[in-house]
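Input: a single structure, listed below in structure tokens.
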Amino acid sequence: MHWNKIRECMDRHELRSYQLEKLKETIDRVYHNVPSYRQKMQERGIIPEDINSLDDLKLLPFTTKQDLRDNYPYNMFATPLQEIIRIHASSGTTGKPTVVGYTRRDIANWAELMARCLAMAGGHQDSVVQIAYGYGLFTGGLGFHYGAEKIGAVVIPTSGGNTRRQIMLMRDLGTEILACTPSYALCIIEGLEAMGIKTEELKLKAGIFGAEPWSENMRAELEEKLNIKALDIYGLSEVIGPGVACECLEQQGLHIFEDFFIPEIIDPVTEEPLPEGEEGELVITTIDKEGLPVIRYRTRDITSLTYEPCACGRTHARISKLLGRTDDMLIIRGVNVFPSQIESALMAVGEAEPHYLIIVDRVNNLDTMEVWIEVSEKLFADEIRKLEQIRKQIESEIYTTLGINVKVKLVEPHTIERSEGKAKRVIDKRKI
Amino acid sequence: MFVKQISVFLENKPGKLYQVTEVLKKHSIDISAISVADTTEFGIVRMIVDKPDLAVAAIKEAKFPVSTTDVLAVEVSDKPGGLNYALKVLNDANISVEYLYSFIKRNGDKALILFRVENPSEATEVLQAAGVKLYTNEEINSL
Chain A
1 MHWNKIRECM DRHELRSYQL EKLKETIDRV YHNVPSYRQK MQERGIIPED
51 INSLDDLKLL PFTTKQDLRD NYPYNMFATP LQEIIRIHAS SGTTGKPTVV
101 GYTRRDIANW AELMARCLAM AGGHQDSVVQ IAYGYGLFTG GLGFHYGAEK
151 IGAVVIPTSG GNTRRQIMLM RDLGTEILAC TPSYALCIIE GLEAMGIKTE
201 ELKLKAGIFG AEPWSENMRA ELEEKLNIKA LDIYGLSEVI GPGVACECLE
251 QQGLHIFEDF FIPEIIDPVT EEPLPEGEEG ELVITTIDKE GLPVIRYRTR
301 DITSLTYEPC ACGRTHARIS KLLGRTDDML IIRGVNVFPS QIESALMAVG
351 EAEPHYLIIV DRVNNLDTME VWIEVSEKLF ADEIRKLEQI RKQIESEIYT
401 TLGINVKVKL VEPHTIERSE GKAKRVIDKR KI
Chain B
1001 MFVKQISVFL ENKPGKLYQV TEVLKKHSID ISAISVADTT EFGIVRMIVD
1051 KPDLAVAAIK EAKFPVSTTD VLAVEVSDKP GGLNYALKVL NDANISVEYL
1101 YSFIKRNGDK ALILFRVENP SEATEVLQAA GVKLYTNEEI NSL
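Keeping their order, the protein sequence lines are chains A and B. The opening position of the first sequence corresponds to residue 1 in our numbering, with each subsequent residue numbered one higher. The opening position of the second sequence corresponds to residue 1001 in our numbering, with each subsequent residue numbered one higher.
In structure tokens, the structure reads:
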């Protein structure tokens, strides 16, 4: 189902001329309103009039999270504060958070984007939508909330946590669409099992899961255990929040809403643009944002881009399911490893639960990687031989995927901390 | 003619076994045989108890992975060659033993040994045919 068929299925030729017009407006605005953009453009000897085609985008300088930190809190806003009606902030793991601001129009546009995402999952005015993303400074909860209200759904703003109450409301109120992080969806599955509630008692049809990368195997698990279509959603607060891109029911990549964002894929090291289909870092330029427009924002997320038409009829490009972030990427003995690849390997073995923890250390100048896996009822065998066999099987599956040797350790259930938001998958003890 | 054995997965950490026996004590569960198999990282505690269903529920409640397995409680003469006889019967029938351990209780001058074999039904048949007595959970409880 399309929320805005005219925009979402726009002829690509038309879309490109629309993008160029909006891009020129945006560049003109940031040049005149944001000193740091103007300065960066001047350093490169560029003026807004130099941008005459979408290809000229690559003349523009990149924007990074560091730029937002350097201009903390308001210096990158392109409108006076009197026009800003909302602030969100991303968690500052290293010092100050990144603060983002929205005008009334930005909030309306965000609701439009989220309405499209919910419609992709089959949402409409009769749907019951439960939002178990955190509400507050984090963009997840409120972003979904406004979109769900826009489509006229019955919105249950449970926010994160209190799993038993979440489940009770889910069953009693007949939730059809669940929105949360994929790791929290796993908590809900555990909760259902603990409470003895069967999926047949629920009315769930779809889940929109995002805010962290998750694997195809995890999708299979979530779809089977919850009897739903599990869809991936992508976004980041610096760009707008959730709703930058979302999967349609074809599940063949996430449509990035090109009437609001221009995506590029670059080599994260050389910073050169990469051709269609190649994996690299996603770079986004917002072309319809007032409060905080970003030009060539380095997302640090690794994906690829395709412009192939999609069976759903939408013409907007698709990014592949996110593999991970350049920040989450571990380099183990020179091999690039994403936690999502470990998850894939675990789930391929079948017996393992998707609760895992990666512990990286350095022993005698050599990187070591240990993967902790909880022993579930399903996995537990009375014979040591069988347990060892499962352990070895997981080790060899990881070796096949990544080409590195890891040590798998079986731990008791509930040893690994459960997450109600983004899961913590990695402990890196290396002192480099 | 099987006996229900309880197996519990434990991480190889101080105090883990104690946590399990605490649970059993709290529910007044009597252990009549116990063995611990360990590796560097984890161990499996295997037990025969008087109230197996209650024990499973209580251990599960304490969040330990637990499972039940059918094992054979075999009576052997407590003298040289006693165990050897039972093993010969199984060996002749080509049945492998996965592991075995002994009971704390005995029946007069007879010792009781627990056998986990790859094929418990066939093992029961050949042992009984060779005149070896096997015990049920109830018989063990009444000793």
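Glycine included, every Cβ here is placed at the ideal spot set by N, Cα and C.
In the three-state reduction of the DSSP assignment, G241 (chain A) falls in the strand class. Taken atom to atom, the span from the alpha-carbon of I266 (chain A) to that of E1061 (chain B) is near 52 Å.
Shown in chain order are the members of the stretch 1032-1057 of chain B whose Cβ falls below 8 Å from a Cβ of chain A: A1037, T1039, E1041, F1042, I1044, R1046. The beta carbon of E1041 (chain B) lies closer than 8 Å to those of E1011, N1012 in the same chain, with the five residues before and after it left out. C180 (chain A) is bridged by DSSP to A:F209. Looking at the backbone, the Cα of M195 (chain A) and that of V154 (chain A) are separated by about 25 Å.
For N336 (chain A), the beta-bridge partners assigned by DSSP are A:I331. Counting only Cβ-Cβ distances below 9 Å, L410 (chain A) has contacts in chain B at F1009, E1011, E1041, F1042, in chain order.
Among the residues of chain A, none has a CB under 7 Å from the CB of S1102 (chain B); the nearest is roughly 18 Å distant.
At a cut-off of 8 Å between beta carbons, F1002 (chain B) makes no contact with chain A. Around the beta carbon of T1039 (chain B), a 10 Å sphere encloses fewer than 16 other beta carbons of the protein chains shown; the residue is thus reported as exposed. One alpha carbon belongs to R333 (chain A), the other to S1067 (chain B), and they sit about 39 Å apart. Under the three-pair Cβ rule at 8 Å, the stretch 330-350 of chain A does not count as touching the stretch 286-298 of chain A. One thing to note: V408 (chain A) has its Cβ no nearer than 8 Å to the Cβ of I358 (chain A).
E193 (chain A) is outside the set of residues whose beta carbon lies under 8 Å from a beta carbon in chain B. Its chain contains V1008 as the residues whose beta carbon lies nearer than 6 Å to that of F1064 (chain B), once the 5 sequence neighbours on both sides are disregarded; these appear in chain order. If you check the CB distance, F1115 (chain B) and V1089 (chain B) do not come in under 8 Å.
For M347 (chain A), the three-state secondary structure derived from DSSP is helix. Within the model, the alpha-carbon separation for N75 (chain A) versus L254 (chain A) is close to 32 Å. Sixteen is the threshold: when 16 or more other Cβ atoms of the shown chains lie within 10 Å of the Cβ of P242 (chain A), as they do, the residue is buried. Residue environment for N227 (chain A): exposed (fewer than 16 other C-beta atoms within 10 angstroms of its C-beta).
For the pair of segments examined, the stretch 258-265 of chain A was found not to touch the stretch 208-215 of chain A: the number of CB pairs separated by less than 8 Å stays below three.
By the Cβ test, the stretch 314-323 of chain A is not in contact with the stretch 369-378 of chain A, since fewer than three Cβ pairs between them sit closer than 8 Å. For N1107 (chain B), the pairing in a beta bridge is given by DSSP as B:K1110. For P1014 (chain B), no chain A residue has a Cβ inside 9 Å of its Cβ, as the nearest lies near 14 Å away. L60 (chain A) is positioned such that its CB atom lies closer than 8 Å to that of I295 (chain A).
A381 (chain A) sits in coil when the DSSP states are folded into three classes, being neither helix nor strand. A1058 (chain B) is bridged by DSSP to nothing; it lacks a bridge partner. For D382 (chain A), at least one C-beta of chain B is nearer than 8 Å to its own C-beta. Shown here, E271 (chain A) sits in coil according to DSSP, grouped into three states, outside any helix or strand. Taking 8 Å as the CB threshold, T1124 (chain B) stays off the interface with chain A.
Under a criterion of Cβ atoms nearer than 7 Å, the residues of chain B adjacent to V375 (chain A) are, in order, F1009, P1065.
A buried status is given to E281 (chain A), since no fewer than 16 other beta-carbon atoms sit within 10 Å of its beta-carbon. Of all C-beta pairs linking the stretch 308-315 of chain A to the stretch 183-199 of chain A, fewer than three are shorter than 8 Å, placing the two stretches out of contact. Ranking B:N1141, B:M1047, B:S1032, B:A1130 by CA distance to the CA of D1070 (chain B) puts B:M1047 first. Here Y234 (chain A) carries a strand assignment [DSSP, helix/strand/coil].
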